[in-house]
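If you count the sequence shown from 1, you need to add 67 to reach the numbering used here.
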Amino acid sequence: MPFHQDLLEKRQQLLDLGVNPYPYSFAISHTLTELRDRSQELMEKEVSVAGRITALRRQGQKVFFADIEDFDNRMQVYLKQQDFSEQIWQTILLLDIGDWVGIKGPLFATKTGELTIWTKEFSLLAKSVIRVPISKEKGDKKYYQLSDSETLYRQRYLHWITDKKAREVMLVRAKILSSIRRFMEGRGFLEVTTPTLELSYGGASARPFETTVHALSQEKAYMRISPELSLKRFIVGGFPKVYTICQNFRNEGIDRSHNPEFTMMEWYEAFTDYNYQMDQFEQLVSMLAKEITGSYKVVYQDTEIDFTPPWKRMTILDAIKEIGKVDVNALSDEELKKKVHEIDPKYQIIEPFSRGHIVDFLFSNLCEEHMIQPTFILDHPLAISPLTKKKRGNPDLVERFEPFVMRMEIGNAYSELTDPVEQYERLRQQREFDADNLKKEGTVHHPVDLDFVRAIGMGMPPTGGVGLGIDRLVMLLTNQHSIRDVIAFPLLRREE
68 MPFHQDLLEK RQQLLDLGVN PYPYSFAISH TLTELRDRSQ ELMEKEVSVA GRITALRRQG
128 QKVFFADIED FDNRMQVYLK QQDFSEQIWQ TILLLDIGDW VGIKGPLFAT KTGELTIWTK
188 EFSLLAKSVI RVPISKEKGD KKYYQLSDSE TLYRQRYLHW ITDKKAREVM LVRAKILSSI
248 RRFMEGRGFL EVTTPTLELS YGGASARPFE TTVHALSQEK AYMRISPELS LKRFIVGGFP
308 KVYTICQNFR NEGIDRSHNP EFTMMEWYEA FTDYNYQMDQ FEQLVSMLAK EITGSYKVVY
368 QDTEIDFTPP WKRMTILDAI KEIGKVDVNA LSDEELKKKV HEIDPKYQII EPFSRGHIVD
428 FLFSNLCEEH MIQPTFILDH PLAISPLTKK KRGNPDLVER FEPFVMRMEI GNAYSELTDP
488 VEQYERLRQQ REFDADNLKK EGTVHHPVDL DFVRAIGMGM PPTGGVGLGI DRLVMLLTNQ
548 HSIRDVIAFP LLRREE
């Protein structure tokens, strides 16, 4: 084990003194933040607090000053030999930065005005046996003894110990989730749970993680790539407004905005369409921006983002025409193929030729880079949206929107397809398309979920459905460059 020998020896010395370095509990009267907030009221009164030692300052042989931090603040403590038994003083002499201690005594202010606790009762709460690289402050600046990002991602607990800002991101993330739940409950939505392990997968175009279920005679199973099909079953079964916040798992690439395990929110609402849900999505995210940051205008990586409603709305074809300078409707199939190869000579055009997939390619390569301010991209091609109703007035397109902010797609939404016959045919066509093309690249094709078709075959009312990427939203509202910074424990290569 990676224990430090000198700290292990101190642990043994504590045991030899008859001190348990890892007691069962300790009663605190206040957090350190409460002490600071109520310092005038509590001055010279006995308090009981706990914290991790972040600094030790010895004055001669008989006096110590120490800084301790609990989960959200810092306090100085004063320890004097004459206040303790010999056993306790020997325990204090064995302290190191990183140890957790319990302190009881009166609160006072030093001559320089610093709030301090005069320790009258001392308890060791946890002896560290691995040295903790605590950050140091000098003036208004904070210096970190550990800056290796790989180590900080791998040992997230160490990151939180050494960097209060990293802890703050997790607190803001929790606040965002709490605010989302209040918003949804205020609108009559029911939070539900969907399966993480499924015998079939669907609801997204993604490669799943596979496993086997020994209790079901080695039946193949998949980690959830999307809760969509399960949530639609709730709608069919008589729940008109449902949502879930869950982990999805996609066996695909890792970069600054993608992690194989990520947090998604999805909601479905009967008797609505994508127009209604576009307004609701805008209201939710704008509310979160204002509540979390205090303003609709948020600075992300030195760029000001304005979440003030209403957001810009563009069809995907208009975006390609205006931003990418390509008029898809004016080009023949051969001209489109030529344009694709001008952009990326290595791109493999799928046969049979699909203009819908070319539109998706053109938007990704010509437009996404320019999607800075909140923008809804609407009305995608039918070929890439098998679960979506056709657009009223144009059957080659579907009623779908994707919201983009700072070059990132943060959601996806449909007027959900509720015709079971058409849905079955679209899923069957997708399966054949995948089998002919995607399997060549080693990608698992998408099966037809017959139970899902059976469910909507029993009657599914008109429904609007929306997905919101929680991790990317947290990135935007906490000004974090990478998705790894907002996921508590991101997936990394196995440590050597």
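Note that CB positions come from ideal geometry on N, CA and C, so glycine has one too. The structure presented is a predicted model; accordingly, all values stated were derived computationally and were not measured.
By the three-class DSSP mapping on this structure, what secondary structure does residue i have?
i: TRP378; result: coil
i: THR183; result: strand
i: GLN107; result: helix
i: VAL196; result: coil
i: SER152; result: coil
i: TYR414; result: coil
i: LYS299; result: helix
i: MET142; result: strand
i: GLU476; result: strand
i: THR323; result: Checking the sequence shown, residue 323 turns out to be Arg, not Thr. Three-state result, ARG323: coil.
i: ARG274; result: coil
i: ASP400; result: helix
i: LEU558; result: coil
i: GLN79; result: helix
i: PHE189; result: strand
i: ILE228; result: helix
i: ARG291; result: coil
i: PHE175; result: strand
i: ALA94; result: coil
i: GLU258; result: strand
i: LEU494; result: helix
i: GLY534; result: strand
i: GLU286; result: strand
i: GLU101; result: helix
In angstroms, rounded to a whole number, what distance separates the CA positions of residue i and residue j?
i: GLN480; j: ALA522; result: It should be noted that the sequence gives Ala, not Gln, for residue 480. So the two alpha carbons sit approximately 20 angstroms from each other.
i: ARG125; j: PHE131; result: 5 angstroms
i: VAL472; j: THR330; result: 18 angstroms
i: PRO514; j: ALA386; result: 32 angstroms
i: THR278; j: ARG317; result: 13 angstroms
i: PRO528; j: ILE197; result: 59 angstroms
i: LYS299; j: SER272; result: 17 angstroms
i: ARG380; j: LEU449; result: 19 angstroms
i: PHE430; j: SER399; result: 17 angstroms
i: TYR335; j: PHE519; result: 15 angstroms
i: ILE159; j: LEU146; result: 9 angstroms
i: ASP446; j: GLY460; result: 11 angstroms
i: ALA555; j: ARG221; result: 10 angstroms
i: ASP215; j: ARG223; result: 12 angstroms
i: LYS404; j: ILE417; result: 10 angstroms
i: ALA193; j: GLU435; result: 51 angstroms
i: ILE451; j: ASP427; result: 8 angstroms
i: THR179; j: ASN546; result: 36 angstroms
i: ASP139; j: GLU101; result: 10 angstroms
i: SER246; j: GLY478; result: 18 angstroms
i: GLU469; j: ILE201; result: 43 angstroms
i: TRP378; j: PRO441; result: 6 angstroms
i: ILE439; j: ARG495; result: 37 angstroms
i: LEU109; j: THR177; result: 15 angstroms
i: LEU535; j: ARG498; result: 26 angstroms
Going by the CB atoms, is the gap between residue j and residue i shorter than 8 angstroms?
i: ARG291; j: GLU265; result: yes
i: TYR341; j: GLU466; result: yes
i: VAL86; j: GLN154; result: yes
i: ALA337; j: THR530; result: yes
i: ASN326; j: LEU558; result: yes
i: ILE120; j: GLY165; result: yes
i: GLU328; j: THR311; result: no
i: SER353; j: MET475; result: no
Output the boundary residues of the alpha helix (DSSP H) element that contains residue i.
i: ASP134; result: Element bounds for ASP134: not the alpha helix (DSSP H) but the beta strand (DSSP E), 130-136.
i: ASN461; result: Where ASN461 is concerned, there is no enclosing alpha helix (DSSP H), although the beta strand (DSSP E) it sits in stretches over 461-465.
i: ALA386; result: 383-389
i: ALA241; result: 231-253
i: LEU544; result: 537-545
i: ASN342; result: 341-360
i: LEU433; result: 422-433
i: LEU445; result: Per DSSP, LEU445 belongs to no alpha helix (DSSP H); it is in the beta strand (DSSP E), 442-445.
i: ILE201; result: Counting along the chain, ILE201 falls outside any alpha helix (DSSP H), and DSSP gives it neither H nor E.
Using a Cβ-Cβ distance under 8 angstroms, would residue i count as near chain D?
i: ILE359; result: Judged by its chain identifiers, the structure shown contains no chain D, having just a single protein chain.
Evaluate residue i with the Cβ neighbour count: other Cβ atoms within 10 Å of its Cβ, from every protein chain shown; 16 or more gives buried, anything less gives exposed.
i: ASP463; result: exposed
i: TYR565; result: Residue coverage of the chain in this structure runs from 68 to 563, which leaves residue 565 outside it and unanswerable.
i: LYS171; result: buried
i: ASP346; result: exposed
i: LYS209; result: Annotation note: pLDDT 48 at LYS209 (below 50); position unreliable, no value reported.
Over the uninterrupted beta strand (DSSP E) stretch that includes residue i, give me the two end residues.
i: PHE316; result: 308-316
i: PHE329; result: 328-337
i: GLY118; result: 113-126
i: VAL515; result: VAL515 -> no beta strand (DSSP E), and no H or E assigned at all.
Please tell me whether, using a cut-off of 7 angstroms, the distance from the CB of residue i to the nearest non-hydrogen atom of the ligand FAD is below it.
i: ASP346; result: Among the components modelled here there is no ligand, and therefore nothing to report on the ligand FAD.
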